[in-house]
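Q: A single structure is presented below for examination.
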Amino acid sequence: MRKKAGLILISGLLAGVLTGQPSTPSALANDSQSQTDSAETMTLFEPTELYDDRYQQVGMIAPQQVHVLQTSSIRRGHGEGYRVPRYLISTWMGKAWIVPDNALRGKEEPMDTYIELSHEETLYNDPGLLSPKGKIGKQTIKAIASWDKRYKIATPEGEGWIAPNWAAVGVKLVQTDVQLTVPTRLFRFPYQDAGAGVNPQPMQVTAVWRDWYRADSWLGPVWFRLHELDAADADHRMEVGLRYYYLDGNQTRFRASVRLGPKWRDTGETIPVGFAVFFYNEKGKRIGSSSGATVRLKGGEATPVELTVDRDVQMFAYATVQVGMFHDQPISKIQPDDPMAIADDAANHDLRLGSIQVRRDGMFSIVTGQYASKLAGERHVKAELSFLNADGKTIAKAPLELAFDTSYPGNGFLQPFEAVVPEDVSTYVSVTLKVLDVR
C-alpha cells in the first residue's frame, strides 16, 4: 500500500507529471526549490520520517493531522531523479521536514457528481487507502465526497473510497440528440480510441463530460467529440491540438498542432490563418489566453506551432479558438445593426451588451456577443450573465470579464466577447447583466 499511496500524493500535487514514477526509498538530494509559506493542514495516514534542514532523518511521526508551515520540493531518486513535494511542520521536537508517502492536504469535502471510471479500481473503507474492501469495474458511479484526488463513492454494497489514476470527474447524465455532420471517430473512453467511427447521423447522447459526448453503440458505450482535436473555432474553420504542454517559470508553453476544419480540407488551397486560444476552467472562468500565431494550412495536414500563455493553465478544462484572419481576410464578429439592449439595471448604464448567440460543445455552452460603452479610456469590468427561462427562473450564470484599453474611444464602439457556461443554456428566453467590479 505504501508505494501506491506515494504515487497518489505525488500525482495529485504535481498535476500528474510524475504518474507512473516508482516511489522507491532513496537518499534525498540537497537540491531544494523556493519555499512558500502555508497555513494548510495535512493528514498523515502512515508513520512518516522527520528530516532536519540537512535532510538527515531525526525521527518518525505517527499518523495524525499536522499543520504545514512551509511548502517546497526536493529531488529524489538516482541521477537527476524527479521532484517531490516536502513540507515543514511543527512537532514536539520542534520544526521538521516531511516527504510523506501517504498523506492528503485539506479535508474531506462533500460533492454531488458522477465519475466515469476507465479501468477497474480497488475500493477502500478509508481515505488513507489502508483497508481494501473489494473491486469496482469500469462504470459510471456517484461520488458523494472528495479529498484531493480520492473520492468517496456510493455503491450497492455501501460507501467506499477510490483513487483512480485517470477518470472523468464531473460527468453529467443527459438524454438528448446530437447531429453529426461529418464522419466522427469513436472512443472507448475520452482519449482512448475505439478504432471505429460513424458517418453523419443523429446520436442519442446519455452523458457529457467537458467537450465529450457518450452514446450507446454496437461497441457498447462510446465517446465522441464534435471536433477531432482539442479545440475549434465557432465556424469550425480550424482545429487545435493541445495535448502537449509544460510549465516554464510562470508561463505555460504548448507544442500545439493545428489543421483546417473538415469543409476546408478538400479545397487543395494553402490557407493562411491567424488565431489565438482561450482557456477556461471547469466553472467556465477564463484562466488565460495564448499568444497569437499565424500558420499556413493545407488539406488535412497537421502543422506544429508553439503557443505561450503568460500564466499556469495546465489544469484547463476547456479551450476555444479565436480566428482573427482566414485566407488573408480579417474575421469580424461585430454585428453593427443588432440591438444593444442588455444593461445592468442597478448601475453602469453606459455599458451595454447585445447580439447574444449560444452554441453547445459537450457540457459547455459557449456564449458570444458584443459590448459597448459610452465612456472612453481604459478599465476592466467583472460582471455576471444570468440566463433565464420562460418562468423568469435562472438556468445558469456565467462569469464575464470585459476589457477596455487606453485607445477605446467610447461612444458605443462595439467589441466582441465570449463567455463559457458549464450548463445547457441554449433554451434561455432572456439574459440579465450584473456588474460586480470596475477598475
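Residues -29 to -1, 1 to 410 (mature numbering (1 follows the signal peptide of the UniProt record, and there is no 0)) make up the sequence shown, in order. Where is the CB? At the ideal position from N, CA and C, for every residue including glycine.
Could you check whether the region 39 to 48 touches the region 58 to 71, counting it as contact only if at least three pairs of C-beta atoms, one from each stretch, sit closer than 8 Å?
A: The answer is yes - the region 58 to 71 touches the region 39 to 48, with three or more Cβ pairs under 8 Å.
Q: So what does DSSP say about Val396, is it helix, strand or coil?
A: Val396: coil per DSSP, three-state reduction.
Q: Short of 8 Å in beta carbon distance, which residues of its chain neighbour Gly295, apart from the five on each side in sequence? Order them along the chain.
A: Around Gly295: Gly245, Phe246, Ala247, Gly263, Pro301 and Ile302.
Q: Let me check understanding here. Comparing Cα to Cα, which of Glu17, Gly141, Leu88 and His90 lies closest to Ser102?
A: It is Glu17.
Q: Rounded to a whole number of angstroms, what is the C-alpha to C-alpha distance between Ala203 and Gln28?
A: Approximately 52 Å, taken between the alpha carbons.
Q: Just list the residues that DSSP pairs Leu157 with in beta bridges.
A: The partner list for Leu157 (beta bridge, DSSP) reads Ala167.
Q: In chain order, which beta strand (DSSP E) runs of at least 3 residues are fully inside the region 28 to 79?
A: With a minimum length of 3 residues, the continuous beta strand (DSSP E) runs that stay inside the region 28 to 79 are 28 to 32, 35 to 47, 53 to 62, 65 to 69 and 74 to 76.
Q: Using a threshold of 8 Å, state whether the C-beta atoms of Gln222 and Thr279 are closer than that.
A: Result yes, Cβ atoms of Gln222 and Thr279 sit closer than 8 Å.
Q: In whole angstroms, what separates the C-alpha of Leu260 from that of Thr62?
A: Per the sequence shown, residue 260 should be read as Ser rather than Leu. Roughly 44 Å separates the two Cα atoms.
Q: Hey, how far is the Cα of Arg282 from the Cα of Lys353?
A: Using only the alpha carbons, I get a separation of about 19 Å.
Q: Would you kindly work out how many angstroms separate the C-alpha atoms of Pro307 and Thr339, rounded to a whole number?
A: Roughly 15 Å between the two C-alpha positions.
Q: Out of Trp235, Glu20 and Gln293, state which residue places its alpha-carbon closest to the alpha-carbon of residue 411.
A: The shown model of the chain, from -29 to 410, leaves out residue 411, and the question about it has no answer.
Q: Whether or not the region 95 to 110 and the region 175 to 182 are in contact is what I'm after, with contact meaning three or more pairs of Cβ atoms, one per stretch, closer than 8 Å; do they touch?
A: No contact exists between the region 175 to 182 and the region 95 to 110.
Q: Name the one or two DSSP bridge partners that Leu324 has.
A: DSSP lists Ile313 and Tyr342 as partners of Leu324.
Q: Suppose only complete runs of 3+ residues qualify. What are the beta strand (DSSP E) ranges in the region 245 to 274, listed by chain order?
A: 257 to 260 and 264 to 269, all fully within the region 245 to 274.
Q: How about Lys123 and Ala134: do their beta carbons lie closer than 8 Å?
A: Their beta carbons are not under 8 Å apart, which means Lys123 does not touch Ala134 by this criterion.
Q: Based on Cα-Cα distance, which residue from Arg25, Arg236, Arg350 and Ser44 lies nearest to Phe375?
A: Of the candidates Arg25, Arg236, Arg350 and Ser44, the one whose C-alpha sits nearest the C-alpha of Phe375 is Arg350.
Q: Look at the alpha carbon of Leu356 and the alpha carbon of Arg185, and state the distance between them as a whole number of angstroms.
A: Going from the Cα of Leu356 to the Cα of Arg185 covers about 29 Å.
Q: Starting from the C-beta of Asp321, find all residues in its chain whose C-beta is less than 7 Å away, skip the five residues before and the five after it, and write them out in chain order.
A: For Asp321, where only same-chain residues beyond five positions count, the Cβ hits under 7 Å are Ser344, Lys345 and Leu346.
Q: From this set, Gly48, Ser397 and Thr377, which residue's C-alpha is nearest Gly348's C-alpha?
A: For the residues Gly48, Ser397 and Thr377, the minimum Cα distance to Gly348 belongs to Thr377.
Q: Check the DSSP bridge columns for Leu21 and list the partner residues they point to.
A: Bridge partners of Leu21: Gly30.
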